[in-house]
Amino acid sequence: MSDTSRLNPATIAAQAAGAVDPQSGGVVPPLQMATTYLRDAHYQPLRPDNIYLRDQSDIVRVAETVLAQLEGAAEALLFPSGMAAIAAAFRTVPNGGRVLVQSQIYWGTTKWLRDFCTRRDIDLREVDASDSAAFAAACADFKPSLVLIETPSNPWLRVTDIEAAAKAVHGAGGLLMVDSTAATPVLQRPLSHGADIVMHSATKGINGHSDVLAGVLATNDATAAIWTDIKIDRHDAGAVIGPFEAWLLVRGMRTLPLRMREMSRNAQAIAEFLASHPQVEEVLYPGLPDHIGHDIAQRQMKGGFGPLLSFVVKGGAEAALRATGKLALFHRATSLGGVESLVEHRHTIEPHTGIPEGLLRLSVGIEDVEDLKADLRQALAV
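Quick note: the sequence shown, position 175, residue 1067 per our numbering, numbers continuous.
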């Protein structure tokens, strides 16, 4: 095959990075469910790279290859969930270490990190990373060894300048990890902006069909000490993804560029619709020109601004919950990035985190956008 580094994401995804079934000639990569592999009469593995399933699976390698090529990375590693991927990275920090984390990101990440750092006597600080000056000052003063940012953030849709963040972190002697879940590798490639590691909850847009739990880490430097430690931790702790989940992930990724393009178009149209609706107080979406992070998003996101948006309904929790109850096409469920549109009253999920009571988070799918707008129109009617 030609040099894959020159291929565009749509080609990499549609052809699963060139993976086929060499035995049958099928254009779909095969699924091998075995947990252990044969040895010969001399007790030598028939294949040295396949001894035991834990992190030795051909279909997992296919999925990791597709992800690495889409991300423009030297190597990618799959995990059974996004949180498992984050945990593997932060377990490399020694007791008594220092980590800096963006404030008001996905609550599950924040909660786990606070508990983990308390148990391990790791000094944790949180800062609004979308404020470049405050973030740079925190890095210079605190000198963390590992920093995590999330852009666009969930559910606030804050945008952080990855290049500026990387310079600040590296200047303080640390490493930068970026949670790019809301964008996927199709819309944003943090490694090209200076990040050391990029993380995704592949459960979301990368898979796109709400039927796989998975996480991924990717890096430009597969020889870095932290990457070696992460790989050892994944193997020894058994934080691995199953073959069937990896196969489903490969299948989902084959339409990733198409899905993200349509979702981004729909989300943009819905954000513009909501911005002019009399019952809407505020719309949070980086595709809107008046969004505080719009210019940065334009610079580091290509092909759209993603499927995730939030908006605040006038009238607080009562009005917001009334609207969600009337929605017919937006499913009331927690997740994002699937082909079906979802709505979530975030304050119900995170009641003590400063989320406005009237905030609704939308994950916009691939349905006809006029149908989605009509559903929102009738739900918001007073």
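We put the beta carbon where it would ideally sit given N, CA and C, even for glycine.
All values derive from a computational prediction rather than experimental measurement.
Q | Coil, strand or helix - ARG1011 by DSSP | A | DSSP, read as helix, strand or coil, puts ARG1011 in helix.
Q: Could you tell me which of GLY1107, SER1227, TRP1048, ALA911 sits nearest to ALA1131, measuring between CA atoms?
A: Ranking the options by Cα distance to ALA1131, first place goes to GLY1107.
Q. Taking the continuous beta strand (DSSP E) assigned at VAL1204, which residues delimit it?
A. Note, VAL1204: beta strand (DSSP E), 1200-1205.
Q) Between ALA926, ALA905, GLN961, which lies nearest to THR879 when the distance is taken from Cα to Cα? A) Any property of residue 879 remains undetermined from this structure, which presents the chain solely from 893 to 1274.
Q. Which partner residues does GLU1236 have in the DSSP bridge list?
A. Answer by DSSP bridge pairing, in chain order: ARG1253.
**Q.** C-alpha distance - VAL1261 paired with GLN1270, whole-angstrom precision
**A.** Approximately 14 Å between the Cα atoms of the pair.
**Q.** Backbone secondary structure at THR1276 - three-state DSSP
**A.** Summary: the structure shown does not reach residue 1276, with the chain confined to residues 893 through 1274, and so no result is reported for it.
Q | C-alpha distance - TRP1004 paired with HIS1244, whole-angstrom precision | A | TRP1004 and HIS1244: Cα-Cα distance of roughly 16 Å.
Q.
For the pair the stretch 1159-1172 and the stretch 1221-1230, tell me if three or more CB-CB distances fall below 8 Å.
A. Contact annotation: the stretch 1159-1172 does not touch the stretch 1221-1230, with fewer than three C-beta pairs closer than 8 Å.
Q | Nearest-angstrom Cα separation, counted from SER995 out to VAL952 | A | Each residue's Cα considered, the two are about 33 Å apart.
**Q.** alpha helix (DSSP H) segments (min. 4 residues) lying fully within the stretch 1044-1076
**A.** DSSP runs (the alpha helix (DSSP H)) wholly in the stretch 1044-1076: 1054-1063.
Q) Taking three-plus beta-carbon pairs below 8 Å as touching, is the stretch 1182-1195 in contact with the stretch 1203-1217? A) Touching, no, given that fewer than three Cβ pairs across the two stretches are closer than 8 Å.
**Q.** Limits of the alpha helix (DSSP H) - the one that GLN961 falls within
**A.** For GLN961, the enclosing alpha helix (DSSP H) starts and ends at 950-963.
Q) What residues are listed by DSSP as bridge partners for MET1155? A) Beta-bridge pairing links MET1155 to no other residue.
Q. Are the beta-carbon atoms of VAL1104 and VAL1090 separated by less than 8 Å?
A. VAL1090 sits away from VAL1104, with the two beta carbons spaced by 8 Å or more.
Q. Per DSSP, what kind of secondary structure is ILE1247 in: helix, strand or coil?
A. If DSSP states are grouped into helix, strand and coil, ILE1247 belongs with coil.
**Q.** Validate contact between the stretch 967-985 and the stretch 1079-1097 using beta carbons, cut 8 Å, 3 pairs
**A.** Contact between the stretch 967-985 and the stretch 1079-1097 is present, because at least three Cβ pairs lie under 8 Å.
**Q.** Own chain, CB closer than 7 Å to SER894, minus 5 neighbours either side, in chain order
**A.** The pLDDT assigned to SER894 is 46, lower than 50, so where the model puts this residue is not dependable, and the model offers no usable value.
Q. Are there three or more Cβ pairs, one per stretch, closer than 8 Å when the stretch 1171-1187 is compared with the stretch 1109-1124?
A. Remark: fewer than three beta-carbon pairs, one from each stretch, lie closer than 8 Å, so the stretch 1171-1187 and the stretch 1109-1124 are not flagged as touching.
Q: Flag this pair as touching only if the stretch 1016-1028 and the stretch 1054-1064 have three or more C-beta atom pairs under 8 Å; answer yes or no.
A: Flag = yes, the stretch 1016-1028 and the stretch 1054-1064 touch.
Q. Any chance the CB of GLU1042 is under 7 Å from a heavy atom of the ligand FAD?
A. For the ligand FAD, the structure offers nothing, since it holds no ligand at all.
Q: Give every residue of the same chain whose Cβ lies closer than 8 Å to the Cβ of ARG1126, excluding the five residues on either side of it in the sequence, and list them in chain order.
A: Non-local C-beta neighbours of ARG1126 in its own chain, meaning closer than 8 Å and more than five positions away in sequence, comprise ASP947, LEU969, PHE971, ALA980, VAL1132, ordered along the chain.
Q: Grab the span of the beta strand (DSSP E) containing ILE1041 for me, first residue to last.
A: If you look at ILE1041, you'll find it in the beta strand (DSSP E) that goes 1038-1042.
Q: Could you tell me whether the stretch 1065-1081 touches the stretch 1036-1051, where touching means 3 or more Cβ pairs closer than 8 Å?
A: The way I'd put it, the stretch 1065-1081 does touch the stretch 1036-1051; three or more beta-carbon pairs between them come closer than 8 Å.
Q) Does the Cβ-Cβ distance between ALA905 and LEU1148 come in under 8 Å? A) Cβ distance < 8 Å, so ALA905 and LEU1148 count as in contact.
Q) Which runs of the beta strand (DSSP E) spanning at least 3 residues fall entirely within the stretch 1087-1142, listed in chain order? A) With a minimum length of 3 residues, the unbroken runs of beta strand (DSSP E) contained wholly in the stretch 1087-1142 fall at 1089-1093, 1107-1111.
Q.
Just to confirm my understanding: we take SER1084, look at its own chain, exclude 5 residues before and 5 after, and list those with CB closer than 8 Å. What are they?
A. Contacts found: GLY964.
Q.
Within 10 Å of its beta-carbon, does ASN1046 have 16 or more other beta-carbons around it, so buried, or fewer, so exposed?
A. Buried.
Q. Helix, strand or coil: how does DSSP classify GLN994 here?
A. Judged by DSSP in its simplified three-state form, GLN994 adopts strand.
(Q) At the level of alpha carbons, what is the spacing between VAL912 and PRO922? (A) Cα to Cα, the separation comes out at about 7 Å.
Q | For MET893, three-class secondary structure by DSSP | A | Low confidence applies to MET893: its pLDDT is 40, below 50, so where it sits in the model is not reliable enough to give any reading.
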